[in-house]
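As structure tokens, the structure follows; a few thoughts come after it.
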Amino acid sequence: MALITEETPRIYAVERYTCKSQVFAANINKLGHAGFFQNLLTLINKPETSLENVFYLVSFFTKSHALYHKQFVDEFYEKFSDVVETKLLSATS
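Each residue of the sequence shown is one higher than the one before, counting from -18 in the working numbering.
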């Protein structure tokens, strides 16, 4: 009996009743596997990223909220929330 040693790729998004597009969910998964969500945190955290750009980045991320996989949300949302909150609290004007 062979053991499965390959790691299953992380699932970032799945089809839901609100969006049944396999292509859209697949593209979110491709973005996730390419490091998009970690890069999103890094970009928001940069001092030169304006609050206006943070608004657009947060808006982009949240538009697809219904498709995100629960495990991804459980692991990512707190980091995302902390980075955005820190950025907002450190804003000077």
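Note that beta-carbon positions come from the ideal geometry of N, C-alpha and C, so glycine has one too.
Residue of the options minimising C-alpha distance to residue i
i, options, result
"K60", "F36, V35, F18", "F18"
"D63", "K44, T23, E(-12)", "T23"
"R(-9)", "E66, L38, V54, V65", "V54"
"V(-5)", "A7, S31, L32", "A7"
"H14", "Y(-7), E29, Q3, E33", "Y(-7)"
"T67", "V4, F5, E(-12), K27", "K27"
Residue i classed as buried or exposed, judged by whether at least 16 other C-beta atoms fall within 10 angstroms
i, result
"L69", "exposed"
"F36", "exposed"
"F41", "exposed"
Distance between residue j and residue i (C-alpha atoms, nearest Å)
i, j, result
"N20", "L38", "11 Å"
Inter-residue CB distance, residue i and residue j (contact presumed, cutoff 8 Å)
i, j, result
"A72", "L32", "6 Å"
*Would you check if there are 3 or more beta carbon pairs closer than 8 Å linking the region -10 to 9 to the region 32 to 52?*
yes
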